[in-house]
Every structure is written in structure tokens, then in C-alpha cells.
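Single-structure report; data block below.
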Amino acid sequence: FPQEFVDRYPDAIVATGEGEYTIAGLVEYLSGKRSLEQVPGIAFRPRPEPPTRTTQAGMACHLPILNRPTSSETTFDIRLTEKESVRLAELPMPALDTIPDLARCRGALTLELSRGCQWNVCTFCPREHKANRWKTMPTSEVLHQIAIFRDLCDRFGLAKHIFLAGEEFVGGNDEGAETTRILAIAQGLIDQNLGMRFDAAARGDQVYDHRMPRDWHLQRMNMWETCHRAGLDRLFMGLESGTVKQLQRL
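Listed below in C-alpha cells is the structure:
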């Protein structure tokens, strides 16, 4: 898809993965600090380096190129730069400048605490650009961000409810570590008495998996019960088909 888009709009630069490092790289490109080929996660047609001007601070800044030849006038290969996986622990809190508008419009709070899916093979999934593996942030940062949102709810009169926007709340089956992590988050919310409710999304086999033993299911029952006590209101699960053959086709 990025190649087709750039072929149709030869002047475009298309982000092909997560956006945080890509945006930072494009800013450095426009500031003359790196070439376009050094910007991670983009598709583009090679172009001449843009002209520059010197700012008052003495920095060389790129200027936009006008009247660039169209694809009908010249032909270039489309280039794809390597994607760089964003480390969620390095990201700052989401921008909070629109919270007053959100409260005035009676909107909902959304928070992304994880990204990607450990399955990551569904052909219909539109989330491939986010990550090719599941990842999250440290438990301490998860609790910190939820506590900040609780303070915002108190300040602006918002409902103490968050929709967790991550594709998969639990994460990969890495020998029980995911259960331990979810329990730590849930128990932290209980201990801090934040009073926040939340919705999350998970794969169906995070609740029941016929391949797993009885002890695994008992641990999961305890995990989900603890999550409910911690504030979990609704768990969204995608059920694409009831037949194994159809799921394999997907």
C-alpha cells in the first residue's frame, strides 16, 4: 500500500510504521540534520535535496521544493527505510492540552499502555503499522499514568473511566510472566485505591485456551477476577469465526 500511494502521489512521504521516531526524524530532515534516507519507517521517491536558508540562530533549514516533476514526467524507484520499533518506556505522557475541551464535550479518556499483538498474522488486521510484536511499558509507569488520569478526572469533573486502547491487554504467553504483570498492575490499582474503572481488549484465548492445562485456567480466573476488583468493567474480544478452518484462512 505505501508503494502504491507514493506512486500515485510522487511528492508524498508515507509513514509505514509507528509514528513517533518517524516524526522526529522528519523534523531533523527539515532542519538539515539528517538525510531523508536516514528517517526511519517511511516510503518515498528519491528527490533532490531541498534548498536551505539560515535561521537567525544560525541553523540551516530545508525549504520546500516547488514544481517538482510528476510521475508522468520522470520515473524514480520507491524507497522504503527500515522501521524502528518505538520503546514505549521512552514516550512521554499523552498531550493533555485538550482535556478541557474533552470535559466540555463530555468525551471519554483513552490511554495506550501496550502496543501490537503477539499473534500478528491475521490478514484483515489494520494494526500492522504499529508493531510486529506485542510490547508494553513498565508496570510502575502504567500505574503512574493512570494516577495522573485520575487527578484529571477530579480536576475537570470527568467520569473516572478509561478505555485502554492497546490491541491486546495481556500480551504474549511467555511462561506466566504476562499473568504476573497483569496481577501486579491490578493489585497496584487496588492498593492505591485510585477508583478508576477501565475497559480493555484481549484475544479469546487469553480467557480460555483448550491447549493449556487446568492450572493455567485457574491462574487466569484469578487474574481476571483481580482485574475486575481493580476496576475492569468490560473486556472486548474479537470472535472472527467459530470454525478452525476459517480462522486459518484469515
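All you need for my numbering is the position in the sequence shown, starting with 1, plus 12.
Ideal Cβ positions, reconstructed from N, Cα and C, are used throughout, including at glycine.
It should be emphasised that the depicted structure is a prediction, and the values quoted were computed from it without experimental measurement.
When secondary structure is reduced to three states using DSSP, T28 falls in the coil class, being assigned neither helix nor strand. In the three-state reduction of the DSSP assignment, D221 falls in the coil class.
Looking at D221, E16, I160 and G37, the one whose alpha-carbon comes closest to that of D89 is E16. With contacts defined by Cβ atoms closer than 9 Å, R127 and K147 form a contacting pair. T122 sits in a strand when the DSSP states are folded into three classes.
Residues of the same chain with a CB within less than 8 Å of the CB of A196, apart from the 5 flanking positions on each side, are T151 in chain order. Non-local beta-carbon contacts of R57 in its own chain, meaning distances under 7 Å to residues more than five positions away in sequence, involve V18, P22, F88 and I90 in chain order. Taking each of A159, G37 and L170 in turn and checking the Cα distance to S47, the smallest one comes out for G37. Annotation for I54: the continuous beta strand (DSSP E) segment containing it runs I54 to F56. Boundaries of the alpha helix (DSSP H) harbouring A189: A189 to Q204, taken from the DSSP string. Unbroken beta strand (DSSP E) runs of no fewer than 3 residues, entirely contained in the stretch 148 to 188, are found at 173 to 176, following chain order.
Taken atom to atom, the span from the alpha-carbon of R232 to that of Y41 is near 48 Å. Closest in alpha carbon position to T122, among D227, A24, H229 and D211, is D211. In this structure, the beta-carbon distance from L170 to I111 falls below 9 Å.
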